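K.L.:
So in full-length UniProt numbering the end of the sequence shown lands on 173, straight run, no missing numbers. For every residue, glycine included, the Cβ atom is placed at its ideal position computed from N, Cα and C. Treat the numbers as computed from the prediction; the structure is a model and nothing was measured. So that we are looking at the same thing, I have put the structure below in structure tokens.
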Amino acid sequence: MRTLSVITEIGAPPHVVWAALTDLAAFSEWNPFITSADGELKLGSRLAIRIQPPGGRPMTFRPSVRVLEDGRRLEWLGRLGVPGIFDGRHSFELTALPDGGTRLVQAETFSGVLVPLLGRTLERTREGFALMNEALRERAEAAAADVGTAPTEPAGMAGTGGVTATAPERLGA
């Protein structure tokens with residue numbers, strides 16, 4: 001098993017970062033790592049994700065959404081074939097900072113028999129996470145500046161703590 005993570009602080013409130021992160025149709029406009037993403041962000045749904053690791057070949061896969069905590073966390077599980085060959089549990093976690101900004105943690109835990117053979121590919125993936133986080137930071141900060149967003153939750157989310165859901169593992173990959 002191997003886990004990669006990249007942490008980025010963003011000068012925009014979590015709801016602005018979340019809006020950019022979950023606008024899958026716009027990924028091709030700004031995201032240098034996940035160059036396209038299609039599907040509906042709902043628990044158990046399948047997405048079509050195309051990544052372009054720096055210096056690597058593009059790859060398309062169809063992960064399923066496993067965790068969706070509105071405004072805070074998105075997690076999907078992708079697999080190569082059957083469980084245990086090459087599985088990747090990818091997550092994005094947003095945490096509000098005292099200054100009104102957001103801490104973004106993008107991480108993936110890889111498991112399966114192929115993981116030890118993919119060291120360079122996984123390092124390229126980590127580099128892709130860093131590029132994506134930086135591009136998301138730029139996009140969210142620009143959006144916050146454009147609308148003069150105050151560092152608070154939107155009225156509909158205040159005090160709700162977000163919506164939390166987790167999908168069972170048996171939904172396939």
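So what does DSSP say about valine 6, is it helix, strand or coil?
P.N.:
DSSP places valine 6 in strand when its eight states are reduced to three.
K.L.:
For aspartate 121, which of helix, strand or coil comes out of DSSP?
P.N.:
For the sequence presented, residue 121 should be read as threonine rather than aspartate. Three-state result, threonine 121: helix.
K.L.:
Taking leucine 41 and threonine 22 to be in contact with their CB atoms under 8 Å, please state how far apart those CB atoms are, rounded to whole angstroms.
P.N.:
Confirmed, about 6 Å.
K.L.:
For methionine 1, is the classification buried or exposed, using 16 other Cβ atoms within 10 angstroms of its Cβ as the cut-off for buried?
P.N.:
Flag for methionine 1 reads exposed.
K.L.:
For the pair the stretch 43–59 and the stretch 104–117, tell me if three or more CB-CB distances fall below 8 Å.
P.N.:
With the cut-off at 8 Å, the stretch 43–59 and the stretch 104–117 do not touch.
K.L.:
Spatial neighbours of isoleucine 85 within its chain, please: CB distance less than 8 Å, with the 5 preceding and 5 following residues excluded, ordered by chain position.
P.N.:
For isoleucine 85, where only same-chain residues beyond five positions count, the Cβ hits under 8 Å are Arg79, Gly112, Val113 and Leu114.
K.L.:
Measuring only the C-alpha atoms, how far is alanine 145 from valine 65?
P.N.:
Approximately 31 Å between the Cα atoms of the pair.
K.L.:
For valine 16, count the other beta carbons within 10 Å of its own beta carbon; 16 or more makes it buried, fewer makes it exposed. Which is it?
P.N.:
Under this definition valine 16 is a buried residue.
K.L.:
Please classify arginine 89 as buried or exposed, where buried requires at least 16 neighbouring CB atoms within 10 angstroms.
P.N.:
Buried.
K.L.:
Using the C-alpha atoms, what's the distance from glycine 11 back to threonine 95?
P.N.:
When rounded, the distance between both Cα atoms is 12 Å.
K.L.:
According to DSSP, which residues form a beta bridge with phenylalanine 33?
P.N.:
DSSP, once it has assigned bridges, lists no residue as partnering phenylalanine 33.
K.L.:
Looking at glutamate 75: is its Cβ nearer than 8 Å to the Cβ of leucine 4?
P.N.:
Cβ distance not < 8 Å, so glutamate 75 and leucine 4 don't count as in contact.
K.L.:
Alpha carbon to alpha carbon, how far is arginine 120 from tryptophan 18? Give it in angstroms, no decimals.
P.N.:
Computed Cα separation, rounded: 30 Å.
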